[in-house]
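See structure below.
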Amino acid sequence: HYGIEPDVVSTAKGIGGGLPLGACLMGEKVQHVLGAGDHGSTFGGNPIACAGAISILDRLDDKFLAEVEAKGAKARAAFTGAEGIEDVSGKGLMFGLKTAKPAGDVVKACIGKGVLCLTAKDRVRLLPPLNIPEEVLMKAVAIIKEACAE
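Per my numbering, residue 2 is the first one in the sequence shown, and the count goes up by one each step.
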């Protein structure tokens with residue numbers, strides 16, 4: 002998104018599709034920094050988690066990512082200018098909502114209505130799975146907007 006080519010990228014959670022797995026991806030400039038046995042991890046690969054990761058990576062294509070971007074744009078449009086929402090930040094389906102009332106109060110109301118979300122400092126933090134069906138996403142958006150407006 003920003004034209005940055007990092008030397009090292011660490012990732013976890015999503016790459017395993019819910020199974021405990023992490024990965025450290027290294028570019029050519031630093032690929033020789035770590036050798037066999039230099040790095041250990043409680044999220045290191047096991048056959049089941051790695052099979053899950055292969056399945057996830059097989060699904061991450063341009064069409065899927067375009068669908069994620071479209072769902073994110075639709076949710077962002079619904080949040081922008083809504084009553085009780087002062088600012089919307091984030092990329093794709095990752096959102097931070099600056100709300101008129103304390104973020105913790107909004108989160109409690111959302112949880113009471115069946116939507117799980119968190120706070121990040123003074124914002125409501127939303128990070129739904131990338132494969133969330135649009136109708137489920139928009140139902141959650143409606144509930145969050147309602148909680149912000151109450």
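Don't be surprised by glycine CBs; every beta carbon is placed ideally from N, CA and C.
Beta-carbon gap between residue i and residue j smaller than 8 Å
i	j	result
F44	A67	no
L98	L131	no
I49	C149	no
V108	V89	no
G53	L20	yes
A101	E151	no
Neighbour-count burial assignment, residue i, 16 or more Cβ in a 10 Å radius
i	result
V158	Within the shown structure, residues of the chain are numbered from 2 to 151, placing residue 158 beyond reach of any answer.
G38	exposed
P7	exposed
P219	The structure shown does not extend to residue 219, since the chain is modelled only from 2 to 151, so the question has no answer here.
A83	buried
E138	Note on identity: in this sequence residue 138 is Leu, with Glu being the wrong assignment. So L138 ends up on the buried side.
K92	exposed
G28	exposed
C25	exposed
G73	buried
F65	exposed
Integer-rounded CB distance, given that residue j should sit under 8 Å from residue i
i	j	result
I55	I16	Not a contact, Cβ separation roughly 10 Å.
A143	D123	About 23 Å separates the two Cβ atoms, so there is no contact after all.
Among the options, the one whose alpha carbon lies nearest that of residue i
i	options	result
R77	A141, D63, K30	A141
L61	A101, G18, K30	G18
V9	H2, L20, L119, K30	K30
P134	K102, K75, A101	K75
G23	D63, Q32, G41	G41
T81	L119, F96, V69	F96
H2	E70, S11, A121	E70
Short CB-CB distance (under 8 Å) between residue i and chain D
i	result
S42	Absent from the structure: chain D. Only one protein chain is present.
Contact between the region 132-147 and the region 110-124: three or more CB pairs below 8 Å? yes
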